[in-house]
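Shown next, in structure tokens, is the structure this report addresses.
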Amino acid sequence: MYRLLCAAFAGLLVGGFLPAVADAGMFPNNEIKFLYVNNCGECHGAKGRGSEEGPSLHDNELVKKSATGEIAKILVDGIPEEKKRYPETEFAPPMDGYGENLSPEEIQKLAELMKSWSQ
Ligand code: HEC
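Under the working numbering, read the sequence shown as residues 2 to 120, first letter to last.
Structure follows, in structure tokens:
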């Protein structure tokens, strides 16, 4: 029994704790991590490093030069076809707005997260 418990604990450590530590600097807490991963990770990658569906959000030029409020507005409105910044790539359609699916508080938290990744 003791051995089983130890194995379970080691499993927990490796499976849960270590990855959490690796991400520790990236997400201020688990709530924001889930908010990001569930809504944005599909296109921007679970760690925001980009995918075939969306650009990396780390050291992102648009985020760097935008105030948190401007990023929040992008997240609410989305990016319309005519404001697409990556016409040469396959990111299509650009990005829907989240004004109807996320609360203003959630949008604000995500905008702050974006700023922390691109300073
Ligand atoms: C369906 C795919 C998809 C999802 C889901 C998605 N995005 Fe995007 N996002 C994109 C694409 C594609 C672009 C680039 C659009 C362009 O300018 O061509 C983009 C652009 C952005 C930008 C502007 C940076 C830039 O370089 O254009 C930010 C900030 C951003 N997304 C944040 C988010 C956040 C936060 C979420 C979750 C709430 C999210 N995105 C969800 C596809 C997505």
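Note that CB positions come from ideal geometry on N, CA and C, so glycine has one too.
Source: prediction; values computed, not measured.
Can you check whether the CB of residue j is closer than 8 Å to the CB of residue i?
{"i": "isoleucine 33", "j": "alanine 73", "result": "no"}
{"i": "cysteine 44", "j": "glutamate 54", "result": "yes"}
{"i": "leucine 1", "j": "tryptophan 118", "result": "Only positions 2 to 120 of the chain appear in this structure, which leaves residue 1 out of reach."}
{"i": "glycine 79", "j": "aspartate 97", "result": "yes"}
{"i": "arginine 86", "j": "leucine 63", "result": "yes"}
{"i": "leucine 36", "j": "lysine 110", "result": "yes"}
{"i": "glutamine 120", "j": "lysine 66", "result": "no"}
For the alpha helix (DSSP H) holding residue i, just list the boundary residues, first then last.
{"i": "tyrosine 87", "result": "From DSSP, tyrosine 87 is part of no alpha helix (DSSP H); its letter is neither H nor E."}
{"i": "glycine 42", "result": "42-45"}
{"i": "leucine 111", "result": "105-118"}
{"i": "isoleucine 72", "result": "69-78"}
{"i": "leucine 63", "result": "62-66"}
Considering only residues of the same chain and omitting the five flanking positions on each side of residue i, which have a CB-CB separation below 8 Å?
{"i": "glutamate 82", "result": "Pro94, Pro95"}
{"i": "glycine 51", "result": "His45, Ser57, Leu58"}
Which residues in the same chain as residue i place their Cβ atom closer than 7 Å to its Cβ, once the five residues preceding and following it in sequence are excluded?
{"i": "valine 38", "result": "Ala47"}
Heavy atoms of the ligand HEC versus C-beta positions, residues under 6 Å
Asn40, Cys41, Glu43, Cys44, His45, Glu54, Gly55, Pro56, Leu58, Asn61, Leu63, Val64, Ile72, Ile75, Leu76, Ile80, Lys85, Arg86, Tyr87, Phe92, Pro95, Met96, Tyr99, Leu111, Met115
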